[in-house]
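Just so we're aligned, residue 163 is where the sequence shown starts under our numbering, counting upward by one.
By construction, the Cβ of each residue, glycine as well, lies at the ideal position given by its N, Cα and C atoms.
None of these values were measured; they are calculated from a predicted model.
Report on one structure; see the data block that follows.
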Amino acid sequence: MSGDLASSFRSAVERAGLQFIVDCPPLSQPVYLDGESWEKIVLNLVSNAFKFTHQGSITVRTREWEGRALLEVSDTGTGIPAAELPRLFERFHRVKDAHARTHEGSGIGLALVRELVLLHGGRVRVDSTEGRGTTFTVEVPLGTGHLPEERVRASRGQSSTAVGAGAYVEEALRWTVEESPAPRVLDPGLPRARVLLADDNADMRDYIHRVLSVEFTVDSVADGQAALEAALAHPPDLVLSDVMMPRLDGVGLLRALRAAPHTRELPILLLSARAGQEATLEGIESGADDYLVKPFSARELLARVRAHLERMRMRRQVAQERVRVDNLLEAVRARDEFLSLASHELKTPLTAFQLQLGAIERSVNKASPHDIGERLVSARRSVRRLASLVETLLDVSRLAPGRIQLALEPLDLTALVEEMVSAHQDEARRQGSTLVAQVEPSLGGFFDRSRMEQVLQHLLSNALKFGRGRPVELSLREEGPLLELSVVDHGIGIPEVDRHRVFERFERAVPVRHYGGLGLGLWVMRQVIEAHHGSILIQETPGGGATFLVRLPRDEREARARSPSN
163 MSGDLASSFR SAVERAGLQF IVDCPPLSQP VYLDGESWEK IVLNLVSNAF
213 KFTHQGSITV RTREWEGRAL LEVSDTGTGI PAAELPRLFE RFHRVKDAHA
263 RTHEGSGIGL ALVRELVLLH GGRVRVDSTE GRGTTFTVEV PLGTGHLPEE
313 RVRASRGQSS TAVGAGAYVE EALRWTVEES PAPRVLDPGL PRARVLLADD
363 NADMRDYIHR VLSVEFTVDS VADGQAALEA ALAHPPDLVL SDVMMPRLDG
413 VGLLRALRAA PHTRELPILL LSARAGQEAT LEGIESGADD YLVKPFSARE
463 LLARVRAHLE RMRMRRQVAQ ERVRVDNLLE AVRARDEFLS LASHELKTPL
513 TAFQLQLGAI ERSVNKASPH DIGERLVSAR RSVRRLASLV ETLLDVSRLA
563 PGRIQLALEP LDLTALVEEM VSAHQDEARR QGSTLVAQVE PSLGGFFDRS
613 RMEQVLQHLL SNALKFGRGR PVELSLREEG PLLELSVVDH GIGIPEVDRH
663 RVFERFERAV PVRHYGGLGL GLWVMRQVIE AHHGSILIQE TPGGGATFLV
713 RLPRDEREAR ARSPSN
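Written out as C-alpha cells, the structure reads:
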C-alpha cells in the first residue's frame with residue numbers, strides 16, 4: 163500500500179528532474195492500519211519532500227525493526243534549520259523563509275501526520291540538516307497485540323473517502339510549472355466580493371486571508387459570535403467558518419445565519435480537521451453549502467470559494483430576472499385592462515353624443531328651440547367628457563417623470579377656484595349634491611393656469627362622483643408661504659391602506675364597475691402638483707368621506723427655481 167501511494171508521485175518527481183526511489187518490500191507480518199489515515203500519512207510526507215527538493219532524489223522505504231514497521235521518506239532538499247525542528251509538528255507552524263516550490267500550505271500537514279501516527283500507537287521523528295536534506299521516519303507496531311480485539315478486521319468494510327492520491331499528485335504537478343495559484347484578472351469596474359472568515363487560530367486566519375485577499379475583500383474574526391454579529395450588521399457575500407470555535411461554534415453560527423432573514427441565503431463553507439464521509443455528511447446536513455477538510459491547498463480553497471460565489475451570483479441574477487418577468491407580465495395585464503377600460507370610457511360619451519345628434523336631427527322641425535338647446539347642451543357635455551379623457555390619455559406620456567413642462571405665470575387662484583366651482587354647479591345638481599366654496603380673496607402666486615384647471619377639475623369631479631349626493635365643500639386659504647386648498651366630500655371615503663396607492667397609474671380605490679374611470683386622474687393630479695413643488699394628501703372626513711388637501715408655494719422665485727422646466 164505504501165509503495166503504491168508513493169509511486170503515484172513518480173510522474174511529478176521525474177518531470178522535475180529528480181531521482182525517485184521506492185523500496186517497499188513485503189513485511190513478515192501484516193500491519194493493521196486505518197486505510198484513509200495511512201493514505202494521508204504517506205501522501206503528506208511524500209508531497210512535503212517534493213515541495214522542498216529542487217535537485218537530487220526522494221526515497222521512500224519500508225522495513226522492519228524490533229517488532230515495528232518503519233516508513234522512511236528521505237530527500238536531498240533544502241533541509242530544516244535546527245531551531246525550527248522542535249515546532250515542526252505544531253499545528254499551523256510554517257518554516258520561515260523556506261525555499262519551496264510553492265508558498266501555499268496551511269501548516270497543518272505534518273501536525274496531522276503526527277496525530278494520525280499516534281492514533282496507530284506509533285511515533286514519528288525527523289532528522290534534518292539544513293542545505294542537505296531531511297528524513298521523516300514513521301514507526302507503527304506490527305501485528306495486532308496493541309489493538310482491542312473488536313477493532314481488528316481482516317479487510318476494510320468500506321471504500322476510502324479520503325481525498326486520495328490524485329489531488330496530491332495534481333497539486334504537485336502544478337508546482338513543477340508555477341509557484342502559486344494565479345489570481346484571476348478582475349474587472350476593476352466590479353466590486354470585490356466580501357468574504358467573512360471565522361477561525362480562532364490566528365495562523366490559520368492569516369493564511370486564509372493571504373490566499374483569498376488576492377481576489378476578495380476578507381473580514382476576519384476570531385470566533386462564531388463575532389462572525390454572527392458582523393454578518394447580521396453587514397451581510398457578506400460568503401461565510402467561511404471553522405467548526406470548532408469558542409463562544410459560538412461553526413454549526414451554531416450556521417444555524418443562526420440560516421434563521422436570520424437577511425443571511426439565510428448566504429453561501430456558508432465549513433472548515434474542519436475532521437475527515438471522512440460521516441463528518442462531511444454532518445456538515446452538509448447541518449445546512450452548510452460545502453465542507454473542506456484540513457489540510458487543503460490554496461487552489462482548492464480558491465476554487466470552492468469562487469464556485470459558491472458564482473453560484474450565488476447566478477441565483478441572484480435568476481431571482482432578478484424572475485422579478486423582471488413578473489413585472490413585465492403585470493405590465494401586460496395592466497395594459498390589457500387599461501385598453502379595455504379606455505375603450506369603454508371613450509365609447510360612453512361618444513355614444514351619448516351620437517344619440518343627442520340623432521335626436522336633434524329627428525326633431526329639428528318638431529321640437530321647440532328650448533328642447534333643441536337642452537340636447538345641444540347635453541351633446542356639448544359629452545364632447546367635453548370625451549376631450550377630457552383624450553387629454554388624460556395624452557398626459558400618460560407627457561407627464562412621465564422629468565418631462566412635465568410648466569408655463570408659470572401670475573395667477574389669481576381665488577378667481578380660478580370660483581370659476582371652476584361655478585362651472586361644476588350643473589354637475590352638482592345632476593348628482594343631487596351641493597357645492598359650496600369658502601375662499602379667501604385675492605390669493606395668487608405663480609402657477610400654470612391650464613394645469614391648475616386640470617387639478618381643480620379632477621378634485622371637484624371626483625368629490626361629486628363619490629360623494630353620493632351629499633354636500634361638497636371647497637376651501638382656499640393662506641398658510642404662511644403656502645396656499646392650502648381642500649376639497650371635502652361625505653361619500654364612500656378611501657381606506658387608509660389605499661391612500662398612497664390611489665396616486666399610482668391605473669389604480670382605483672373602488673371597483674371600476676361601480677364608478678368607471680381610467681385610474682389616471684389622481685396620478686395626473688399628483689404629477690402636476692409636485693411639478694409646482696407642492697404636495698397632496700388624503701385624510702378621512704369626520705363622519706365619513708374623503709378630504710383632499712393640496713399645499714402649493716406661492717412665491718415666484720421658489721416656484722420658478724423648483725420647476726423642472728428650469
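- Bounds of any alpha helix (DSSP H) do not take in Leu638; it lies within the beta strand (DSSP E) bounded by Val634 to Glu641.
- Taken through DSSP and simplified to helix, strand or coil, Ile183 comes out as strand.
- With fewer than three CB-CB distances shorter than 8 Å, the region 170-190 does not count as touching the region 279-299.
- For Arg287, the enclosing beta strand (DSSP E) covers residues Arg285 to Thr291.
- Each residue's CA atom was taken as its position, placing Val545 and Val539 some 10 Å apart.
- By the Cβ neighbour-count rule, Ile183 is exposed, with fewer than 16 other Cβ atoms within 10 Å of its own.
- Close CB contacts of Ser697 within its chain, under the 6 Å cut and outside five residues either way in sequence, are with Arg713 (chain order).
- Here Arg591 carries a helix assignment [DSSP, helix/strand/coil].
- When DSSP states are grouped into helix, strand and coil, Arg225 belongs to the strand group.
- DSSP lists no beta-bridge partner residue for Phe214.
- Contact annotation, Val650 with Glu635: C-beta distance approximately 5 Å; criterion of less than 8 Å satisfied.
- Cβ neighbours of Ala273 within its own chain (closer than 7 Å, five residues either side excluded): Phe251, Glu252 and Arg253.
- Sorting Leu207, Arg223, Val193 and Ala360 by C-alpha distance to the C-alpha of Gly283 places Val193 at the top.
- Its chain contains Arg223 as the residues whose beta carbon lies nearer than 6 Å to that of Asp185, once the 5 sequence neighbours on both sides are disregarded; these appear in chain order.
- Contact check for Gly241 against Ser209 fails: the beta carbons are separated by 8 Å or more.
- Annotated three-state conformation of Pro715 is strand, per DSSP.
- In the DSSP assignment, Asp651 falls outside any alpha helix (DSSP H), carrying neither H nor E.
- Apart from sequence neighbours up to five positions away, no residue of its chain approaches Asp166 with a beta-carbon distance below 7 Å.
- Under the three-state reduction of DSSP, Thr299 is assigned to strand.
- Secondary structure note for Phe628: its alpha helix (DSSP H) is the uninterrupted segment Arg611 to Phe628.
- The three-state secondary structure of Phe608, taken from DSSP, is strand.
- Here DSSP, grouped into helix, strand and coil, assigns Ile522 to helix.
- Judged by their CB atoms, Arg466 and Leu431 are nearer to each other than the 8 Å cut-off.
- Just so you know, the alpha carbons of Gly179 and Ser236 end up roughly 16 Å apart.
- For Glu301 against Arg230, the beta-carbon gap comes to about 5 Å, under 8 Å, which counts as contact.
- Each of Asp381, Asp452 and Asp365 was checked against the Cα of Ala355, and the nearest Cα belongs to Asp381.
- Annotation for Ile270: no beta strand (DSSP E) segment contains it, and DSSP assigns it neither H nor E.
- When rounded, the separation of the alpha-carbon atoms in Thr221 and Trp227 is 18 Å.
- When Gly706, Val401 and Met687 are compared, the shortest CA-CA separation from Ala388 is found for Val401.
- With a beta-carbon spacing of about 14 Å, Leu711 and Glu640 fall beyond the 8 Å limit used to define contacts.
- Leu682 and Arg663 have their C-alpha atoms some 12 Å from each other.
- Of all C-beta pairs linking the region 566-577 to the region 595-612, three or more are shorter than 8 Å, placing the two stretches in contact.
- According to the DSSP secondary-structure assignment, Pro572 is paired through a beta bridge with Phe608.
- Here Ile656 is not near Ala693, since their CB atoms are 8 Å or more apart.
- Distances from the alpha-carbon of Leu189 to those of Gly305, Ala245 and Asp196 put Gly305 closest.
- Looking at the DSSP output, Tyr453 sits in a beta bridge with Leu432.
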